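Offset between the sequence shown (1-based) and the working numbering: plus 1190.
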Amino acid sequence: MAKKVLGRGLGAFFPDMENQDPQKTQEYIGQLSKLDPKERVNVILHIPVESIRPNPHQPRQEFDEFRLKELSDSIQMHGLIQPITARYLGEDRYELVSGERRLRATRMAGIGHIPAYIREVNDDDMIAFALIENVQREQLNPIEIAVGYKRLIEECELTQEEVARRVGKNRTTVTNMLRLLNLPPTIQSALKRGQISTGHARALINVEDADLQDKLLRKTIEDDYSVRQIEDAVRNASVKKTRKTTSKASEHDIAIREISNRLRRQFATKVDIRKKNKGGEIRIEYYSDDELERILNLFDNIQPS
């Protein structure tokens, strides 16, 4: 009887757990403790908040206290509409899979129990579930998303293509988000705080001069530069640098630069050609195993003339 009731969720047993008679609440907790571990999978249970430990792989690092208080007030008034997701650890202990914001707000509201969908999740899938849920709800800042993608690649051994499928994005989006991690800490912090947009950050990635990068960051924050203004400033700086260099460069240097630019367009990554005595070297940069595989495939597709 307890399994059937608990399987339908607490609403089938106690419509409002917090307003029930304490004796009935203890009866419910007693029935919950008697459940076999197999009966705690793919069901919605009302579990004690103190029995839940956080997800160690939580991708979200920033929690807006004001919005958390708003959610807490809403939960106090209307209850929690969307259950959290957790996995059973044994001995009446649980680990959060997703829904940390809801769990924090419930604690803030002083509510002792929370509805939780209990599912069987292995360690490798914990980060994937938490990241995907947060990304789908658009609750992460761009850097948190990028770090989450990186962890999926490194810890879950997924390719960029597999990450893209798991989170419902195209591979180019995943690649561009990962590139944000190459930004200096000052720009990453501004992006996390919402002082600049992802578009601004992508434009700043292409600035090799650190001083110019800092200057454009300040312009964006203090003078409200648009993405187009940043792109124009980057382009103008590049043109000035090219003109200055060209005036001093030999015809050979110009030819090398043109070849380098052509290879950069061909491989869609940074390519550097350096002359050494009578020879030289070509350096092709890549930023992930996926990028390396993509470049190698381009070599395979080159037809001999």
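Using N, Cα and C, we set each Cβ at its ideal position, and we do this for glycine too.
Computed from a prediction, not measured in an experiment: that's the story for all the values here.
Which residues DSSP lists as bridging residue i, in chain order
{"i": "G1338", "result": "Its beta-bridge partners do not exist; DSSP assigns none."}
{"i": "D1462", "result": "R1473"}
{"i": "G1276", "result": "The sequence as given places Ala at residue 1276; Gly does not occur at that position. L1286, I1308."}
{"i": "H1303", "result": "P1238"}
Where residue i falls, given that 16 or more other Cβ within 10 Å makes a residue buried
{"i": "V1231", "result": "exposed"}
{"i": "N1491", "result": "exposed"}
{"i": "L1371", "result": "exposed"}
{"i": "K1214", "result": "With a pLDDT of 47 at K1214, under the threshold of 50, the modelled position of that residue is not reliable, and the figure given next carries that caveat. Classification of K1214: exposed, given that the 10 Å Cβ count is below 16."}
{"i": "G1220", "result": "Note on G1220: pLDDT 48, under 50, position unreliable in the model; no value is reported."}
{"i": "A1458", "result": "exposed"}
{"i": "A1318", "result": "buried"}
{"i": "S1262", "result": "buried"}
{"i": "D1480", "result": "buried"}
{"i": "I1171", "result": "In the structure as shown, the chain starts at 1191 and stops at 1495, and residue 1171 therefore has no counterpart that could be examined."}
{"i": "L1293", "result": "buried"}
{"i": "R1257", "result": "exposed"}
{"i": "Q1350", "result": "buried"}
{"i": "Q1456", "result": "exposed"}
{"i": "A1400", "result": "exposed"}
Under the three-state DSSP convention, the category residue i falls into
{"i": "V1507", "result": "Beyond the ends of the chain as shown, which are 1191 and 1495, falls residue 1507; an answer cannot be given."}
{"i": "G1358", "result": "coil"}
{"i": "P1238", "result": "strand"}
{"i": "K1214", "result": "A caution first: K1214 carries a pLDDT of 47, below 50, which makes its placement in the model unreliable, though a value can still be read off. DSSP places K1214 in helix when its eight states are reduced to three."}
{"i": "V1424", "result": "helix"}
{"i": "V1233", "result": "strand"}
{"i": "H1268", "result": "helix"}
{"i": "R1250", "result": "coil"}
{"i": "R1418", "result": "helix"}
{"i": "R1243", "result": "strand"}
{"i": "I1485", "result": "helix"}
{"i": "Q1350", "result": "helix"}
{"i": "R1292", "result": "helix"}
{"i": "N1331", "result": "coil"}
Nearest residue (CA-CA) to residue i, options the options
{"i": "T1410", "options": "E1398, L1381, R1355, H1303", "result": "L1381"}
{"i": "V1239", "options": "G1338, T1296, M1367", "result": "T1296"}
{"i": "P1246", "options": "F1256, Q1272, S1288", "result": "S1288"}
{"i": "L1164", "options": "S1478, V1397, N1487", "result": "Here the chain covers residues 1191 to 1495 and nothing more, so residue 1164 does not appear."}
{"i": "N1396", "options": "I1301, R1355, E1421, I1463", "result": "E1421"}
{"i": "I1377", "options": "L1407, D1480, R1356", "result": "L1407"}
{"i": "K1465", "options": "R1243, A1427, L1279, I1446", "result": "I1446"}
{"i": "P1244", "options": "A1299, S1264, I1274", "result": "I1274"}
{"i": "L1286", "options": "S1264, A1299, L1486, I1237", "result": "I1237"}
{"i": "E1345", "options": "L1486, K1460, L1321, D1443", "result": "L1321"}
{"i": "G1470", "options": "R1452, L1486, Y1476, D1443", "result": "D1443"}
* Would you be able to state if there are at least three C-beta pairs under 8 Å between the region 1410-1418 and the region 1383-1401? => yes
* Asked: Does the region 1293-1312 come within contact of the region 1362-1375, defined as at least 3 CB pairs closer than 8 Å?
  -> no
* **Cβ contact (3+ pairs, closer than 8 Å) linking the region 1262-1271 and the region 1328-1337** => no
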